[in-house]
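**Q** Next up is a structure, given as structure tokens.
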Amino acid sequence: MTISKEEVARVAHLARLEIEESDLERFAGQLTDILQYMDILNEVDTSGIDPLYSPVEHATPYREDEVRQDWSREDVLRNAPRSDGEYFLVPKVV
Amino acid sequence: MTDIHAMGLTEMAAKLQNRDLSAEDAISACLRRMEATEPDIASLLHTEGEPALERAREMDARGPDPEQPLWGVPVVIKDVLATRDVPTTCGSRMLEQFVPSYDAEAVKRLKEAGAIVVAKSNMDEFAMGSSTENSAFGRTRNPWDPERVPGGSSGGSAASTAAGQTPFSLGTDTGGSIRQPAAFCGCVGLKPTYGRVSRFGLVAYGSSLDQAGPFARSVEDTARVLQVIAGKDERDSTSSPEPVPDYVAALSERSDLRGIRLGLPEEYWGEGLESDVDSVCREALSKAEELGAELVPVSLPHSRYAIAAYYIIVMAEASSNLARYDGVRYGYRDHGEQDLIRMYFSSRSKALGREVQRRIILGTYVLSAGYYDAYYKKAAQVRRLVREDHLRALQSCDLLLAPAAPGVPFRLGEKVEDPLQMYLTDVFTNPLNLTGLPGMSLPAGLGPETGLPIGLQLFAPAFGEEKLLQVAHLLEGVLPDLPSPAGIRR
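Protein sequence lines correspond, in order, to chains A and B.
Position 63, counted from 1, in the first sequence is what numbering that gives the first Met the number 0 calls 62; the numbers after and before it change by one each time, with no gaps.
Position 233, counted from 1, in the second sequence is what numbering that gives the first Met the number 0 calls 232; the numbers after and before it change by one each time, with no gaps.
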């Protein structure tokens with residue numbers, strides 16, 4: 000499996016990243032190396048094996064669906080890059 | 000009397016409780032030690048000197064509280080754990096200005112136990128790395144040799160504790176990020192069972208793998224920290240309802256290792272170990288035998304696939320977790336962009352480092368249409384096989400023993416240009432995170448050729464921290480004491 004520059008750019012776009020032209024080549028080479036290494040997994044017969052996505056064994060806990068306030072509006076907006084004191088502000092969308 | 004900064008947690012906490020030492024003097028001594036050692040190791044990103052002293056004076060005025068086992072003890076926290084009103088950058092430009100309005104649960108529990116946060120420590124950006132060279136704010140150096148890495152990603156906490164800046168610190172371990180730097184810096188590092196310590200306020204990297212845990216300079220000190228931070232938290236649904244035993248009391252329940260079976264996975268003890276690692280770890284095995292332990296050969300046949308499975312899973316989880324950094328609610332925003340989508344692209348591309356971008360792209364790739372089954376699902380299937388190997392091996396023995404890393408700390412810059420080589424340095428620590436089982440790294444001695452510290456790892460069944468600490472405590476008693484780190488000039 001070889002990853003082309005175009006493939007890197009396409010996947011980066013999906014992740015909302017733009018890679019500079021000068022870095023694309025290097026990334027493509029590094030990603031190819033890494034994915035080729037990953038191919039070692041093809042040696043393992045996994046037919047019929049359930050995927051394990053989390054090591055948690057206890058049941059998901061339930062609790063009452065009660066409204067409570069942990070944080071103030073001020074706390075929540077504290078790190079906003081831009082806000083008007085009530086809302087997060089972003090560039091105009093529509 | 001020992002220098003205050005050189006005291007372990009157990010000794011310092013006792014002196015503080017008895018008022019043989021004031022909290023202010025404890026904090027001052029640690030701040031002086033930081034000032035003296037930071038030029039050599041650069042382990043810290045942010046210090047809270049004045050607020051910590053103020054807090055100590057208030058506590059001294061009220062007097063010690065016997066209900067607070069860490070009363071007045073200074074602590075360093077890895078910068079991936081949220082600290083209220085104190086910057087939490089994750090080693091990233093993205094969060095350079097981020098100041099949380101809450102404490103991570105583990106931090107909150109330390110504070111409730113009386114500990115005083117004095118600093119936040121350096122790390123690989125978003126915990127992605129094995130050397131602490133990927134921080135946006137500079138590299139941390141190994142206290143034993145400033146030309147070498149401290150390990151990572153919790154290299155700042157490990158180097159700080161090894162240099163005696165504070166008696167203990169917190170780190171996080173997603174693929175070895177506590178155990179490998181503990182080994183490289185010559186301190187004790189514990190990765191608890193997944194779910195033993197709440198992840199609330201631990202900035203997510205690989206959510207099914209991340210776990211916070213302590214660094215300290217003795218096993219007993221480590222046990223005291225785990226005692227405080229372990230336990231269920233309703234804000235982390237993966238935290239376990241399993242009761243928390245008395246870890247400290249468990250330490251004195253045994254005086255030797257008779258009847259204990261220690262499994263040696265053949266995949267960790269074969270070819271490929273550097274000679275210092277091989278000789279120091281084998282010497283530790285003979286000490287374990289002298290204490291009465293029975294050494295049992297075992298096999299973890301899927302170990303050679305674990306690294307590939309690990310990196311696929313962790314990158315997939317990372318690509319999803321790091322989607323939150325969009326410049327909207329917190330973190331860096333490129334204010335120059337007038338279009339929302341352009342703002343996402345620009346903010347993320349400018350503020351996330353290269354390794355982080357590489358992992359997000361790979362994670363996005365393995366989750367994308369057409370590759371999901373071939374990579375992500377396949378890796379998760381192999382994950383189950385790796386876990387079953389460990390459970391099988393632990394049916395016939397109490398613990399497993401292995402070197403923490405195949406080699407001694409590598410040189411700064413040696414692996415930064417080759418990400419795959421960097422990933423392969425985690426070969427002995429990654430598999431455990433896939434299983435969720437607990438593990439720790441214990442200083443086993445200095446390598447005869449390099450004079451660098453070597454770590455021995457112990458793995459236990461899920462929630463088997465009691466026995467892990469018990470056995471490590473006994474081994475510690477017969478392993479060589481480490482001198483002060485050779486790279487610290489003062």
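We put the CB at the ideal spot given by N, CA and C, even for glycine.
What does a CB cutoff of less than 7 Å around GLU146(B) pick up in its chain, not counting 5 residues either side in sequence?
**A** ARG410, LEU411
**Q** Would you decide whether GLU111(B) is buried or exposed? Buried here means 16 or more other CB atoms lie within 10 Å of its CB.
**A** exposed
**Q** Helix, strand or coil, according to DSSP, for ALA461(B) in the structure here?
**A** DSSP places ALA461(B) in coil when its eight states are reduced to three.
**Q** Applying the 10 Å Cβ sphere with the 16-neighbour rule, what's the burial state of SER152(B)?
**A** buried
**Q** Let me see if you follow: with CB-CB separation under 8 Å, is PHE97(B) close to chain A or not?
**A** yes
**Q** Grab me the residues of VAL295(B)'s own chain with a C-beta within less than 6 Å of its C-beta, minus the 5 sequence neighbours each way, in chain order.
**A** ARG260, GLY262, CYS396
**Q** The segment 319 to 340 of chain B: which residues have C-beta closer than 7 Å to a C-beta of chain A, in chain order?
**A** Cβ contacts with chain A come from GLY326, VAL327, ARG328, TYR329, ARG332, GLU336, GLN337, ASP338, LEU339.
**Q** Check the DSSP bridge columns for PHE344(B) and list the partner residues they point to.
**A** In the DSSP assignment, PHE344(B) forms no beta bridge with any residue.
**Q** To which residues of the same chain is THR160(B) closer than 8 Å at the C-beta, ignoring the five residues directly before and after it?
**A** Within the same chain, VAL75, PRO166, PHE167, SER168, CYS184, CYS186, PHE214, ALA215, ARG216 come within 8 Å of THR160(B) by CB-CB distance, once the 5 residues on both sides are set aside.
**Q** Return the first residue and the last residue of the beta strand (DSSP E) that GLY438(B) is part of.
**A** Segment 438 to 445, the beta strand (DSSP E) holding GLY438(B).
**Q** Which of the three DSSP states is assigned to ASN133(B) in this structure?
**A** coil
**Q** Given that GLY492(B) touches chain A, what residues does it touch there, using C-beta distances under 7 Å?
**A** Nothing about residue 492(B) can be reported from this structure: the residues present for chain B run from 0 to 489 only.
**Q** DSSP three-state label for GLN210(B), please.
**A** coil
**Q** Below 8 Å CB to CB, which residues in the same chain sit around GLU24(A) once its five sequence neighbours on both sides are set aside?
**A** LYS4
**Q** Under 8 Å between C-beta atoms, does ILE3(B) make it to chain A?
**A** no
**Q** For a cutoff of 8 Å on Cβ pairs, would you count THR82(B) as touching chain A?
**A** Not one chain A Cβ lies under 8 Å of THR82(B).
**Q** Answer yes or no: the CB of THR363(B) versus the heavy atoms of the ligand MG, is any distance below 7 Å?
**A** Looking at this structure, you won't find the ligand MG or any other ligand, since it has none at all.
**Q** With 16 other CB atoms within 10 Å as the buried threshold, where does PRO418(B) fall?
**A** buried
**Q** Work out the CA separation of TYR304(B) and GLU265(B) for me, nearest whole Å.
**A** 15 Å
**Q** Our contact map puts PRO80(A) next to ARG332(B) with C-beta atoms below 8 Å; I'd like the distance itself, whole angstroms only.
**A** 4 Å
**Q** Along the chain, where does the alpha helix (DSSP H) containing LEU284(B) start, and where does it finish?
**A** Counting along the chain, the unbroken alpha helix (DSSP H) around LEU284(B) starts and ends at 274 to 289.
**Q** So, helix, strand or coil for ALA292(B), using DSSP?
**A** The answer is coil: DSSP assigns ALA292(B) none of H, G, I, E or B.
**Q** Could you check what DSSP says for PHE183(B) in three-state terms: helix, strand or coil?
**A** helix
**Q** What residues of chain A sit near GLU233(B), judged by a beta carbon separation below 8 Å?
**A** PRO60, ARG62
**Q** For a contact meaning CB atoms closer than 8 Å, what does LEU384(B) contact in chain A?
**A** VAL43, THR45, ILE48
**Q** Under a CB-based cut-off of 8 Å, is ALA11(A) close to chain B?
**A** yes
**Q** Under the DSSP definition of a beta bridge, which residues are partnered with THR46(B)?
**A** ALA118(B)
**Q** Which first and last residues belong to the alpha helix (DSSP H) in which VAL79(B) is found?
**A** Counting along the chain, VAL79(B) falls outside any alpha helix (DSSP H), and DSSP gives it neither H nor E.
**Q** Where does SER217(B) fall in DSSP's three states?
**A** Here SER217(B) sits in coil by DSSP.
**Q** Starting from the C-beta of ASN320(B), find all residues in its chain whose C-beta is less than 6 Å away, skip the five residues before and the five after it, and write them out in chain order.
**A** ALA203
**Q** Please report the residue range of the alpha helix (DSSP H) in which THR502(B) lies.
**A** The structure shown does not extend to residue 502(B), since chain B spans only 0 to 489, so no value can be given for it.
**Q** In whole angstroms, what separates the C-alpha of ALA307(B) from that of TYR267(B)?
**A** 17 Å
**Q** With a threshold of 8 Å between beta carbons, is ARG178(B) in contact with chain A?
**A** no
**Q** Please compile the residues from chain B whose C-beta is within a distance smaller than 7 Å of the C-beta of LEU23(A).
**A** Neighbours of LEU23(A) in chain B, taken as residues at a C-beta separation under 7 Å, are lacking, since the least C-beta distance is about 11 Å.
**Q** Using the Cβ count rule (16 or more neighbours within 10 Å means buried), how would you classify GLU104(B)?
**A** GLU104(B) comes out buried.
**Q** Within its chain, find whatever has a CB closer than 7 Å to the CB of ARG108(B); leave out the 5 residues flanking it on each side and keep chain order.
**A** Correct list, in chain order: VAL227, ILE228.
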